[in-house]
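Colleague: Heads up, the sequence shown is in this note's numbering, so the first residue is 1 and it goes up one at a time.
Every residue, glycine too, gets a C-beta built ideally from N, C-alpha and C.
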Amino acid sequence: MSDLKYSFLALASMIVLASCSDKNSRNYQYMPNMYESVGYETYQQVDFLPSNMEAGLPAENTIHRGWLPYEFENTLADKELARAQNSPLDSAMHEENLKEGKALYDVYCAICHGKKGDGNGTLVSREKILGVPSYADAARNISEGSTYHTIYYGLNSMGSYAGQLNIEERWKVSEYVIKLKQDLTK
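1. Nearest CA to the CA of K181: which residue from K128, E95, K115, I129?
2. If you draw a straight line from the C-alpha of T122 to the C-alpha of I111, how long is it?
3. Check whether the Cβ atoms of S91 and W171 lie closer than 8 Å to each other.
4. Do the CB positions of L184 and Y152 come within less than 8 Å of each other?
5. Could you pull out every residue in the same chain whose Cβ sits closer than 8 Å to the Cβ of G154, ignoring the five residues on either side in sequence?
6. According to the Cβ coordinates, are V173 and G101 closer than 8 Å?
7. Taking only the alpha-carbon atoms, compute the straight-line gap between I129 and R140 and give it to the nearest angstrom.
8. If you reduce the DSSP assignment to three classes, tell me which class L155 lands in.
9. What is the residue span of the alpha helix (DSSP H) that A77 lies within?
10. Is A103 closer than 8 Å to G145 when the C-beta atoms are compared?
As structure tokens, then:
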């Protein structure tokens, strides 16, 4: 009988303890700094560094790895200078560049400019944006260099795609845009 009494007492105490726990939160945090970390701003002064030291500001005139500065500014004069620039990509790989440029164009550009470059992309046909001109328009005096400049800085309501496309990809898309322009004007 005493074994049954102790078993019943153990079962009752487990039920009481289980009813007090909250399954949605931890009752005990072994290392609370791991769960509730302190957020630091990137370049703020922090108290764990010596007073004469800043929190890792980059050195002057440094650039991100894999990022080269563009030689032209976002001005009309520099866009005209960029117009004369040709693609620095290997001309022996032109067909492969066009193939990759088409794939990138289909992802980033065709939604507005259309698959053929006629300015009738999905967003234009749904009237979400208006005024996307065709590459065949006579007023569109585009070249590889001016297309690259536009991809880099954006133009009018089109934003910059410099963050989405690296240097080589921008040139491939520029080459493909010129091919679309030639196909439309035939």
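Modeller: This is what the structure holds:
1. By 1-based counting over the sequence shown, the position of residue 181 is 181. Ranking K128, E95, K115, I129 by Cα distance to K181 puts K115 first.
2. As a working mapping, residue 122 is identified with position 122 in the sequence shown. As a working mapping, residue 111 is identified with position 111 in the sequence shown. Cα atoms of T122 and I111: separation of roughly 5 Å, rounded to the nearest angstrom.
3. Numbered from its first residue, the sequence shown carries residue 91 at position 91. Numbered from its first residue, the sequence shown carries residue 171 at position 171. No.
4. Position 184 of the sequence shown, counting from 1, holds the residue named residue 184. Position 152 of the sequence shown, counting from 1, holds the residue named residue 152. Cβ atoms of L184 and Y152: not closer than 8 Å.
5. On the sequence shown, position 154 is the one that residue 154 refers to. In the same chain as G154, and ignoring 5 residues on each side of it, the C-beta atoms closer than 8 Å to its own belong to S160, Y161, in chain order.
6. Counting from one through the sequence shown, the residue named residue 173 turns up at place 173. Counting from one through the sequence shown, the residue named residue 101 turns up at place 101. Remark: C-beta atoms of V173 and G101 approach each other more closely than 8 Å.
7. Mapped onto the sequence shown, residue 129 falls at position 129. Mapped onto the sequence shown, residue 140 falls at position 140. Cα-Cα distance, rounded: 19 Å.
8. Position 155 of the sequence shown, counted from the first residue, corresponds to residue 155. In the three-state scheme derived from DSSP, where H, G and I count as helix and E and B as strand, L155 is classed as strand.
9. As a working mapping, residue 77 is identified with position 77 in the sequence shown. Unbroken alpha helix (DSSP H) run through A77: 76–83.
10. The residue labelled residue 145 in the question sits at position 145 within the sequence shown. The residue labelled residue 103 in the question sits at position 103 within the sequence shown. With respect to A103, G145 sits apart: the two C-beta atoms are not nearer than 8 Å.
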